[in-house]
Each structure stands twice: as C-alpha cells, then as structure tokens.
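Report on the structure given below.
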Amino acid sequence: MTHRMKALLAFLTAMAFSSTAGATLIENNTNLSADWTRMPARVAATDSVDAVLYNPAGTIRLGEGTFIMAGNQFLPKEYSHTKDGVRHETTTLTTVVPNLFAVKNGKKWSGFAGFGVIGGGGALEYENGMINNKALGYTVTQLAGLKASLAIDPSNPKVGPILTEEVASAWIGAYVGGACAVSDTLSLSLTGRLVYGTNTYEIDDGRFLDYEKTGTGFAPIIGLNYTPSPTVNIGFRHEFRTRVEWEVDKIDGSAAGAMASALGSKGDKTRKDFPAMTALGVSWKATESLTLATDVSYAWHDDIDWEGAEEGLDNGVEVACAFEYAVTPGFAVSAGYSYSNAGVDPEDYSTALSKNVYHGLSAGFMAEPVEGLRFNVGATKLFYEDDTDSHGITYEKDLWIIGMGVQYAFR
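Under mature numbering (1 follows the signal peptide of the UniProt record, and there is no 0), the residues of the sequence shown are numbered -23 to -1, 1 to 388, in order.
As structure tokens, then:
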C-alpha cells in the first residue's frame, strides 16, 4: 500500500470516528439547554427543568407539581483550516438542537423523562473540501485524481478536482429516571439514558460518496444533591460510559468501492463509545437577589473503545462560573464564563472539526410574565485559541451558541 493510500485510509477512518458538529468537548456537549447559554454553571441548579440534565437529584427542589420544558439552540459559526495560503472553511448554520423534558414531583420524590442532543449536533459543509493529506495539503478528491493519473502515466501526475464535502454528527439522549429525598438536605437520583448516534459524510452531494452509519447504547446516570444550608447547594452527577456498536447503513457513490476498506461496507459493525462524564457544582445565594455558581465537568477518555482511534487522547475538562441577579420576582439577568480543554493535541486534530481550547462568555435573561410560565434566552460566544500543527495547518474557529427555551409549571 502506498504512503498516499495509507494517509487516505487514515483520514477516512478519522472521519468515521469523529464528532463533526458542535460538541463542546470531544463528544460530550455541556451546552444542553437554553438555561446554559445564559448561565453556564448549571450542575448545582435546582430552579429549572434542565436540572434533569445537569443535576437530576436536584429536581426534587422544584417543588410539587408537573413541569414541562422545551428549547432549541442556534449555532452561527466559522471554522477553517489553512495550509500554504489555501483556506478550507465552513459557515454552515446549525438551526435545530432541540430538547424536551417533563418532571413530575411529589413531596419527597421526582420522576422525569425526555430527550435532547447530548453530543455534536448539526452539519458542516466545506465547499473547498477538507485537507486529507496533511503533509501535501490535498483533499480526498485531489488525492483520488492523483492516484488515478499515476496509474495511467507515472511521469505526468495530476491532482483531482476539489469537490464539496459535508459531514454531520449527532448523539441523541433519551432519559427516564427519578430522584428521592433521603433527608431534608440530601437527595439521590438514578437515570437510564438510551443513546442514539448518527454520522454522515457526503462528497459532491453524494455523487462521489454518500455514507451513513448509526449506533445505539444504554448506560445509567447517578446523581446527588446536598443542601448544607438555606443558601448553599451542591450538585453531583456521574454519567457512565455508554458502549455503542455502530453499523454502516449506507455507502454509495462513485468512490464507494475504493473507500469501503476504510469506512466499511454496508452492514459492517464498529465500536465507538460515548464517554463517561463526572460533574460537580456549587451554588450560593449570596443575597435575596444574587446567586453565584461554579462547576467543573470532566470527560473520561481513558476507558473508551474507539477501536484504536482513542489513542493519544487526554481526558477533557470544562470549568464554569456564573451569576444570576433577580431584578424583579419575574425577571432575572445572568452572565458567566467557561473554559474548555477537550484533551486533543493539535497533531491529532480532525480537519473537519478541530478541538481548540476555548474561553466562553455568556449572558441572557429569564422572564416569567405570568406565574408558572418562564422564558429563557441566552447567548454564549466561544473564543477559541488558534492552533498550528507540525504540517503548517492552522486551525481557527468562531462560534456563537444562542438558546431559547420555555418552561411551564402545573401546580
């Protein structure tokens, strides 16, 4: 096998195993709700239905009644990788990152269910293709043309045309669980989460390649909420690793036969787990109007199985701090800061979606125009650090996360 062909197969394998949308860590999203976009420290939250996602044991503190929450996020973006002055860029707008949850609370118990995007989400279209061979700076289709020309006339090598490439990836989580109060200050929770993953890769609108694979898995989530005083709350959750088996559902297009050795033929199965995550948060009601919060989320990459693609990864971490100020009983403003290091070295970046370190700033508001009806609106701007690898490829990212959600309480 030639060096160029080995590089091609390595790239295509990376495509098959990469999260190619908006995960804040490698696979795990921390932007799970509209509430997060305005106040990114949510792990100790007990004021919203999104506690199902961040602090499931804290759902009891919503009070008795039935609560329903729905939300969506929009992600304007500009991602690029550049080599020798040639820029490969995507500005694809992600418009659908939904969630829907319901909570039913008694005096000392809570039950909940719903679904949301827990990893990735959306598509990335590169009209100028994506660099495949990092040393040469060629795309998949350029390399394919080069290989074909060498087979015809080794003395007259010609690269192929650059074609549009589109990648999309998402993990959907379906939750069912409950919590119980052990005492006035301590509650525990247990959740079951079914994970469904999908990954697609198209070149030239599917004419050159049209590829899709999907996978499912199941794992539990445990949680703890402790309220040592009326003004302090501590939230904890651990999401266990989800073992996920993937199957190639489709591989079509003029290059399908040549790429099947890397991506797999229809019906082939592979393994790619959804990583475990541990999160700890603290909130403090400093005054009647002011709440401060901080948390840390840690993604465990050292026990996942990606059939070797996980080698070289470090564990990922995100830390956040935020405040909320109640201007009136029915209107609050909030803001916060977050920092994330996904645990990927620039040498291992996917050109489809690099995992640069970022610093995030968030702001937004909560409005309750009538009792029981709440609206959450927020925006987070992620400031990514530019990176350049040893091949001279510079990776740049610019991303907004805009969230809108509505919640209603039936008491």
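Note that the Cβ used here is the ideal one computed from N, Cα and C, for glycine as well.
Query, Result
"So residue 34 packs on residue 270, CB below 8 Å; how close in whole Å?", "Actually they are not in contact, since the Cβ atoms of residue 34 and residue 270 sit about 16 Å apart, beyond 8 Å."
"Could you pull out every unbroken beta strand (DSSP E) segment of at least 3 residues lying fully inside the stretch 209 to 259, listed in chain order?", "209 to 216, 222 to 229, 246 to 248"
"When DSSP labels each residue in this structure, what does residue 283 get in the three-state scheme?", "coil"
"Give me the Cα-Cα distance between residue 407 and residue 339, rounded to the nearest whole angstrom.", "Residue 407 lies beyond the stretch modelled for the chain, which goes from -23 to 388, so this question has no answer here."
"Let me check understanding here. Comparing Cα to Cα, which of 37, 221, 67, 299 lies closest to residue 103?", "67"
"Using 8 Å as the cut-off, can you tell me whether the stretch 211 to 218 makes contact with the stretch 30 to 44, which would need three or more C-beta pairs spanning the two stretches below that distance?", "yes"
"Residues in the same chain with beta-carbon distance under 6 Å from residue 195, minus the five sequence neighbours each way, listed in chain order, please.", "171"
"Assign residue 73 to buried or exposed, taking buried as 16 or more other Cβ atoms, counted over all protein chains shown, within 10 Å of its Cβ.", "exposed"
"When burial is assigned at 16 or more other CB atoms within 10 Å of the CB, is residue 48 buried or exposed?", "buried"
"With a cut-off of 8 Å on the beta carbons, I'd call residue 29 and residue 80 a contact; round off their distance for me.", "6 Å"
"Which residues bound the alpha helix (DSSP H) around residue 349?", "Segment: none, residue 349 is in no alpha helix (DSSP H) and carries neither H nor E."
"Please classify residue 15: does DSSP put it in a helix, a strand, or coil?", "helix"
"Enumerate in chain order the residues of its own chain whose CB-to-CB distance from residue 231 is below 6 Å, with the five nearest sequence positions on each side excluded.", "185"
"How about residue 287: is its Cβ closer than 8 Å to a heavy atom in the ligand FMN?", "This structure lacks the ligand FMN; in fact it carries no ligand of any kind."
"Excluding the 5 residues preceding and the 5 following residue 177 in the sequence, name in chain order all residues of the same chain whose CB lies nearer than 6 Å to its CB.", "145, 189"
"Which runs of the alpha helix (DSSP H) at least 4 residues long sit entirely within the stretch 67 to 150? Give them in chain order.", "117 to 129"
"DSSP three-state label for residue 290, please.", "coil"
"Using the Cα positions of residue 373 and residue 137, report the straight-line distance between them to the nearest angstrom.", "26 Å"
"For residue 267, count the other beta carbons within 10 Å of its own beta carbon; 16 or more makes it buried, fewer makes it exposed. Which is it?", "exposed"
"Looking at the structure shown, is residue 36 part of a helix, part of a strand, or coil, going by DSSP?", "helix"
"What first and last residue would you give for the beta strand (DSSP E) that runs through residue 196?", "186 to 206"
"Closer than 8 Å is the cut-off here; do at least three beta carbon pairs connect the stretch 275 to 287 with the stretch 124 to 135?", "no"
"What did DSSP end up calling residue 368 once you bin it into helix, strand or coil?", "coil"
"What is the DSSP secondary structure of residue 30, reduced to helix, strand or coil?", "helix"
"Work out the CA separation of residue 133 and residue 319 for me, nearest whole Å.", "43 Å"
"So what does DSSP say about residue 179, is it helix, strand or coil?", "strand"
"By the three-class DSSP mapping on this structure, what secondary structure does residue 325 have?", "helix"
"Are the beta-carbon atoms of residue 253 and residue 272 separated by less than 9 Å?", "no"
"Looking at residue 265 and residue 303, is the spacing between their C-beta atoms short of 9 Å?", "yes"
"From residue 237 to residue 247, what does the alpha carbon distance come to, in whole angstroms?", "13 Å"
"Rounded to whole angstroms, what is the Cα-Cα separation between residue 96 and residue 120?", "31 Å"
"Where do the ends of the beta strand (DSSP E) carrying residue 331 lie?", "First-last for residue 331: undefined, no H or E at that position."
"What's the gap between the Cα of residue -20 and the Cα of residue 181?", "Annotation note: pLDDT 43 at residue -20 (below 50); position unreliable, coordinate value reported separately. Going by the C-alpha atoms only, they are around 21 Å apart."
"At which residues does the beta strand (DSSP E) containing residue 5 begin and terminate?", "Residue 5 -> no beta strand (DSSP E), and no H or E assigned at all."
"Classify residue 1 as buried or exposed, calling it buried when 16 or more other Cβ atoms lie within 10 Å of its own Cβ.", "buried"
"Assuming the contact rule is C-beta atoms closer than 8 Å, residue 341 and residue 15 should be a hit. Round their C-beta distance to whole Å, please.", "3 Å"
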